[in-house]
Amino acid sequence: RTAPAWWTDAVVYQIYPRSFADSDGDGIGDLGGVTAHLDHLQELGVDVLWLSPVYRSPQDDNGYDISDYQDIDPAFGTLEQFDELLAAVHARGMKLVMDLVVNHTSDEHPWFVEARSSPDSPKRDWYWWRPPRRGMAAGAPGAEPTNWVSFFSGPAWELDPASGEYYLHLFSRKQPDLNWENPAVRAAVHAMMRWWLDRGVDGFRMDVINMISKAIDDDGALHDGPPVAGTPYGDGSGSYLCGPRIHEFLQEMHREVFAGRDAELITVGEMPGVTVEQARLFTDPARAEVDMVFQFEHVGLDHGPGGKFDPRPLRLTDLKASLGRWQEGLEDVGWNSLYWNNHDQPRAVSRFGDDSPEHRVASATCLATLLHLHRGTPYVYQGEELGMANAPFGSIEDFRDIESVNHFRHAVAAGADPGTVLDGLRRAGRDNARTPVQWTGGEHAGFTTGTPWIGVNPDHVTVNAEAQRADPSSVLHHYRRLIALRHTEPVVALGDFTMLVPGHEQVYAFTRRLGDVELLVLCNVSGQEVRLDLPGADGWAGTEMVLGNRAGVVAPGDEGRLQSWEARVHRRV
Ligand code: TEU
């Protein structure tokens, strides 16, 4: 048995640079802002920083549309500033992971510019070009090569009038999909990745990496998917999620890029729709693909019949069943990543907790404890460590995100009530996670001296890093304690996981065990006090409480009483 990988007891912190900190007063966060706040991250205790894209980009999707993989966007700084940041991160004993966005490029990337210039261009086949549907005129309604809907509303195909052909874009029309069937595309991506590793970066978070292999016929044809209710489109995910060559492509990437140096690196594949069974294959070290994946099951449980913008209440029992199945599924092979939110998801405290003044701190720290005590590598999204909440967006003009803006336009054009659509965006829109990090209670929350590119949440007056640094009972201090616990107590990283009371509607409870050491984790995921008899929890009376989020000690014999949103970790040997 080999020693556990270094990242098993690591905590990763995600930086969305645009919204982290602005150092030059243009209202957009930048690399200088990250460098200036490394103390905050070091004090938090995180081991790895994952930087959302900072490459040169027209910023149609805030940097997930890349026009030069080997340069920094001027809005974020320069390559020299990047090198300074990397050196500063390493000097503090932390690592830096880049976002790798290679399912698609920007339509302004020279590869695509060349591909578009002529059907005879040698780069033409680097993307997915197809003629109109048989018997239909280019541009006619429904003439797209397949019926696939784009993630950002409307068809996943854009007509290029010059050639009369369409190109595929699963995301925005400014994000054409690369054709991974072409070996030259793969070689170019591998070379670019090696260039970053040679520069000193410590790994990659791979954007929608399970979409790079598309199912095609022998003659190259792509196929329609089942209809999507309420739209003229179809769901193509059966053709592009974990497609036929995905494992081959990832194994090839590992051989070409990571082989020989993977022990020091961390790789995580973002994989919408991935199942536990697939994740076992992707993360089995013997297969040499990726270290861990981001799965989406638990962040889909509150999607209603109308999708993510039609949320429904989450049942705690469903959450336990889902997370529990992932714990079990990856217990003997592979590894989990653990997250509540990121730049694409609403804020955790607003979604899974309660962001009212009465419950914000307790629910944010309860959720944090619950997640970080699972087996897997936890990811903290910027501001989560402060209990930052969803934003009180007014009108559609307050939104910046292409997904939200497009959804509003399409839904309203299709006859939906604008107020209802806005409610959905307020609950689930990605901009909730993209308001500036709240450093102080002062102007623009200390994020910028200029005009922020998106509104600052007015609650920064009370919720901010400066205030929390001075308050030992703050969300920030709780995250520090949680992260420190993972670093000092091996059972947190490596212990077995056993779910308790799976049918309980309020309490999320489990044990972890490594050798003789056992932890009991009790979380009241509700605003009401609860008293429970824990089957299988005898022998915990009077045990040491190593972490808790509510004041007071537990009286012997009263272990089963949990205050609203209380979370406790007990330890015994
Ligand atoms: O997101 C992939 C993804 O499938 C979704 O989470 C997506 O953000 C959207 O919300 C679907 O409804 C990744 C990035 O994280 C995201 O920011 C990018 O917009 C997207 O890929 C395209 O690069």
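Quick note: the sequence shown uses our numbering, first residue -5, plus one each step. For every residue, glycine included, the Cβ atom is placed at its ideal position computed from N, Cα and C. Since we're looking at a predicted model, the values are computed, not measured.
Under 7 Å from any heavy atom of ligand 1, does the C-beta of residue i make it?
i: residue 103; result: no
i: residue 337; result: yes
i: residue 152; result: no
i: residue 291; result: no
i: residue 296; result: no
i: residue 424; result: yes
i: residue 202; result: yes
i: residue 302; result: yes
i: residue 165; result: yes
i: residue 264; result: yes
i: residue 55; result: yes
i: residue 58; result: yes
i: residue 393; result: no
i: residue 95; result: yes
i: residue 397; result: yes
i: residue 145; result: yes
Does any residue of chain B bring its CB to less than 8 Å from the CB of residue i?
i: residue 439; result: Note that chain B does not occur in the displayed structure, where there is just one protein chain.
List the DSSP bridge partners of residue i.
i: residue 200; result: 94 and 263
i: residue 89; result: 42
i: residue 513; result: 506 and 565
i: residue 491; result: 506
i: residue 542; result: 562
i: residue 555; result: 525
i: residue 159; result: 154
i: residue 124; result: 160
i: residue 577; result: The question about residue 577 has no answer, for the chain in this structure spans -5 to 567.
i: residue 9; result: 45
i: residue 226; result: DSSP, once it has assigned bridges, lists no residue as partnering residue 226.
i: residue 297; result: 305
i: residue 50; result: 62
i: residue 172; result: 121
i: residue 518; result: 501
Answer with buried or exposed for residue i, where buried requires no fewer than 16 other C-beta atoms within 10 angstroms of its C-beta.
i: residue 383; result: buried
i: residue 366; result: buried
i: residue 339; result: buried
i: residue 12; result: buried
i: residue 189; result: exposed
i: residue 15; result: buried
i: residue 207; result: buried
i: residue 553; result: buried
i: residue 155; result: exposed
i: residue 69; result: buried
i: residue 35; result: buried
i: residue 372; result: buried
i: residue 101; result: buried
i: residue 199; result: buried
i: residue 509; result: exposed
i: residue 85; result: exposed
i: residue 343; result: buried
i: residue 411; result: exposed
i: residue 409; result: exposed
i: residue 214; result: exposed
i: residue 520; result: buried
i: residue 298; result: exposed
i: residue 258; result: exposed
Tell me where the alpha helix (DSSP H) around residue i begins and ends.
i: residue 402; result: 396 to 407
i: residue 473; result: 469 to 482
i: residue 240; result: 240 to 247
i: residue 142; result: Where residue 142 is concerned, there is no enclosing alpha helix (DSSP H), given that its DSSP letter is neither H nor E.
i: residue 312; result: 310 to 323
i: residue 108; result: 104 to 111
i: residue 232; result: 231 to 234
i: residue 363; result: 354 to 366
i: residue 64; result: Note, residue 64: premise wrong, no alpha helix (DSSP H); beta strand (DSSP E) at 62 to 66.
i: residue 286; result: Careful: residue 286 lies outside any alpha helix (DSSP H), inside the beta strand (DSSP E) at 286 to 288.
i: residue 187; result: 177 to 193
Mind checking which residues open and close the beta strand (DSSP E) that includes residue i?
i: residue 505; result: 501 to 508
i: residue 277; result: Per DSSP, residue 277 belongs to no beta strand (DSSP E); it is in the alpha helix (DSSP H), 270 to 277.
Counting Cβ pairs, one atom from each stretch, are 3 or more of them under 8 Å apart for the stretch 530 to 550 and the stretch 461 to 481?
yes
Say whether the stretch 488 to 504 touches the stretch 308 to 318, bearing in mind that this needs 3 or more beta-carbon pairs closer than 8 Å, one atom from each stretch.
They touch, by the three-pair rule.
Pair every Cβ in the stretch 275 to 284 with every Cβ in the stretch 321 to 337, then say whether three or more of these pairs are closer than 8 Å.
yes
Just checking, does the stretch 440 to 460 make contact with the stretch 20 to 30 on the three C-beta pairs under 8 Å criterion?
yes
Can at least three beta-carbon pairs, one atom from the stretch 163 to 178 and one from the stretch 427 to 434, be found at a separation below 8 Å?
No, because fewer than three Cβ pairs between the stretch 163 to 178 and the stretch 427 to 434 fall closer than 8 Å, the two stretches do not touch.
Tell me, please, whether the stretch 37 to 55 touches the stretch 1 to 8 by the rule of three or more beta-carbon pairs shorter than 8 Å.
yes
At least 3 beta-carbon pairs within less than 8 Å: the stretch 134 to 149 vs the stretch 223 to 237:
Contact between the stretch 134 to 149 and the stretch 223 to 237 is present, with at least three C-beta pairs closer than 8 Å.
Is there contact here, the stretch 118 to 132 with the stretch 149 to 165, by at least three beta-carbon pairs under 8 Å?
yes
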